[in-house]
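Per the numbering used here, the very first residue in the sequence shown carries number 6; after that it's consecutive. Glycine included, C-beta positions come from ideal geometry on N, C-alpha and C. Written below as structure tokens is the structure these notes are about.
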Amino acid sequence: MVGAKTVHVMTRDMSVMLDPENVVDSLNRAGFSHFVGVPCSLLQPLIAAVRTSARCSYIPASSEGEAVAIAAGLRLSGTKPVVFMQNSGIGNAVNPLTSLTCPLEIPVLFVVGMRGGATDNDSLEHLTMGRISEQMLSLMGIRSTLLTDDLNALERDMRTASRDMQELSKSHALLVTRGLLSSAAEPSTAGPRDLEALYGDGHNAAQYQRADFIETITQFFEGEAALLATTGGCWKELRQHRQSAADFYQMGSMGCVSAIGLGIALQTEKTVVVLDGDGAALMKLGNMSTIGALQPGNLVHVVFDNAQYESTGGQPTAAATVRFASVALACGYPSAVTVTTPPALKDALSDAIRARQTTFIHIPVLPGHKRDVGHDKVDFVSHTRAFERFIQTPSEVLS
Ligand SMILES: Cc1ncc(C[n+]2csc(CCOP(=O)(O)OP(=O)(O)O)c2C)c(N)n1
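Here you go:
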């Protein structure tokens, strides 16, 4: 590991902030105008500034690993790419970093939202990666710099990053901690879509929010099925509807919920309902091919599709051009439908239970929450143990 340096996350005066426009100007002056990545809520102002800048292009990637590979392509084509990511995505990026960009000396600039740092009172899923992020970057030979609100330091950091890339062919990471960036309005791109235009088969535009459908699902199953809810707002909304040991809250490991559901469905008689997001499903789309190959009849895979990463500020995903139900059928699911209303969802759930075959249900939803999903403190470890007991207890004992 040559030239790698570890920078420790420090406490910062939260009243002092960096204007995201200044960061974008500074990046542009250093020759960085091509951006690709997966959002982090800490980077929301910066991504918004990039998306509204005429001098920048922005590619929403489905995973951080894909973002690194796209950036490698951008670099090979003569640009200086920037990858946005949350530190939780470093894991997804490790393989293309260690077997593509590092060995082939293809330098990339990273801007990393640092969740779970030493002084950041963050939620459980961020603490392990918060502790090891800088060491992981360092181990991969990526020098990291903690951004501060000092504009002179920012210019200096950009020059260092640029030099690492140009002269040493080395990647460099700029670390962004909570509250550093002053807020900026997200440009509206993702939102209610015209499904008729999208699918061309008579669907109406999305009319309901995810919470409306979660209500239908919880009422339909009344605690008999295991409900597994994905990262971000989804598990929080499920928890608002009911608090049950039959529910699994997948607060981290974005994209993995359908794989967890598959592992459970293969071992239990119980019905397993996966509540996925479009961003999360796209992040690990390969999961669907494994489900399609194994086809457990007790698995229902629901994707709530708001065409955006709503939990990190509403940046668009690629969902608007994805036909999820067609993807599921092509992956081998025996049954896949798109529904847009709660009664249609109820019918689809009845069909799935009656036919006892792996079913995919794509639900276009309006963004937004019925109630604030912010501040519920959950003991995830105890809750997961209770869920484990629910799964391992035969249904006849429970009833
Ligand atoms: C590997 C990884 N990358 C990024 C994030 C940050 N993150 C948390 S939730 C989320 C958005 C999830 O999008 P989607 O599945 O569409 O659900 P929505 O937020 O729209 O409800 C992102 C990007 C994360 N938790 N993990």
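In chain order, what residues of the same chain lie with their CB nearer than 7 angstroms to the CB of residue i, ignoring the 5 residues before and after it?
i: C239; result: R215, L280, G282, F309
i: T221; result: P347, L350, K351
i: G36; result: K85, S167
i: P65; result: Q320, P321, T322, A323
i: T235; result: Q255, V262, L280, D281, G282, A285
i: D217; result: P347
Going along the chain, which residues of its own chain have a beta-carbon closer than 6 angstroms to the beta-carbon of residue i, five neighbours each way excluded?
i: I219; result: E242, L243, H246
i: S68; result: N97, M288
i: G94; result: V43, E69
i: A357; result: V305, T364
i: G237; result: S316
i: T389; result: none
i: L179; result: V116, T150, L152
i: T398; result: none
i: S263; result: V279, D281, N292, H306
i: P25; result: P50, L51, A54, L186, A189
i: G284; result: Y314, T322
i: I296; result: L267
Hey, out of the options, whose CA is closest to residue i's CA?
i: Q248; options: M259, I265, Q224; result: Q224
i: A270; options: R56, Q362, L304; result: L304
i: S400; options: A230, L267, I358, S258; result: A230
i: A286; options: G318, A323, M134; result: A323
i: S316; options: E71, P372, G122; result: P372
i: M22; options: S188, I64, D162; result: S188
i: R359; options: A53, E393, A391, G302; result: G302
i: H380; options: V181, S128, A234; result: S128
i: L114; options: F329, F40, N92, G83; result: F40
i: N100; options: L142, R328, H374; result: L142
i: R34; options: V327, N92, R164; result: R164
i: Y213; options: A66, A251, H374, L290; result: H374
i: I396; options: A250, S294, Q255; result: A250
i: V29; options: Q272, Y63, T345; result: Y63
i: R136; options: N92, A76, A391; result: N92
i: R56; options: T345, G318, D384, S355; result: G318
i: N27; options: Q272, T345, N157; result: N157
i: N47; options: V87, V181, D162, Q272; result: Checking the sequence, you will find Leu at residue 47 rather than Asn. Among V87, V181, D162, Q272, the Cα nearest to that of L47 belongs to V181.
Compute the beta-carbon to beta-carbon distance between residue i and residue j, rounded to the nearest angstrom, for a pair I have assumed lies under 8 angstroms.
i: L186; j: P50; result: 4 angstroms
i: V38; j: E160; result: In the sequence on display, residue 38 carries Ser and not Val. Contact doesn't hold; Cβ gap of about 17 angstroms is too wide.
i: G118; j: M134; result: Contact doesn't hold; Cβ gap of about 11 angstroms is too wide.
i: A5; j: G337; result: Residue 5 cannot be examined here, being either before or after the span of the chain that is shown, 6 to 404.
i: M145; j: L102; result: 5 angstroms
i: I111; j: R80; result: 5 angstroms
i: A353; j: V342; result: 5 angstroms
i: E130; j: G257; result: 3 angstroms
i: H367; j: A330; result: 5 angstroms
Buried or exposed, going by whether 16 or more other CB atoms sit within 10 Å of the CB of residue i?
i: V386; result: exposed
i: H177; result: buried
i: V14; result: Per-residue confidence for V14 stands at a pLDDT of 40, beneath the threshold of 50, marking its modelled position as unreliable; the derived number appears in the next sentence. Under this definition V14 is a buried residue.
i: E227; result: exposed
i: R183; result: buried
i: K275; result: buried
i: T16; result: Residue placement at T16 cannot be trusted, given a pLDDT of 41 that sits under 50; the coordinates are not used to answer.
i: D206; result: Residue placement at D206 is poorly supported in this model, since its pLDDT is 43, which falls under 50; the coordinates are not used for a value here.
i: D260; result: According to the sequence as given, residue 260 is Gly; it is not Asp. The residue in question, G260, is buried, as its Cβ has 16 or more Cβ neighbours within 10 Å.
i: F89; result: buried
i: D155; result: exposed
i: R376; result: exposed
i: A74; result: buried
i: P108; result: exposed
i: T124; result: exposed
i: E71; result: buried
i: A59; result: exposed
i: G268; result: exposed
i: S138; result: buried
i: Q320; result: buried
i: D384; result: exposed
i: K175; result: buried
Excluding sequence positions up to five away, which residues of its chain have a Cβ less than 8 angstroms from the Cβ of residue i?
i: P300; result: Reading the sequence as shown, one finds Gln at residue 300 and not Pro. G337, Y338, P339, Q362, T363, listed in sequence order.
i: R198; result: Because R198 carries a pLDDT of 46, less than 50, the predicted location of this residue cannot be relied on, and no value is offered for it.
i: L233; result: D252, F253, Q255, V262, I265, G266, I269, V277, V278, V279, L280
i: L105; result: V73, A74, A77, I111
Worksheet item: Where in the stretch 233-262 do unbroken runs of the alpha helix (DSSP H), each at least 4 residues long, occur, reported from the N-terminal end onward?
Response: 238-246
Worksheet item: Considering only residues of the stretch 124-165, which uninterrupted beta strand (DSSP E) runs meet the minimum length of 3 residues and lie entirely inside it, listed in chain order?
Response: 148-151
Fill in: Completely contained beta strand (DSSP E) runs for the stretch 285-334, where each covers 3 or more residues
304-310
Worksheet item: Where are the alpha helix (DSSP H) runs, 4 residues long or more, that stay fully inside the stretch 23-55, in chain order?
Response: 25-34
Worksheet item: Considering only residues of the stretch 337-381, which uninterrupted alpha helix (DSSP H) runs meet the minimum length of 4 residues and lie entirely inside it, listed in chain order?
Response: 347-360
Fill in: beta strand (DSSP E) segments (min. 3 residues) lying fully within the stretch 48-123
62-65, 86-91, 114-118
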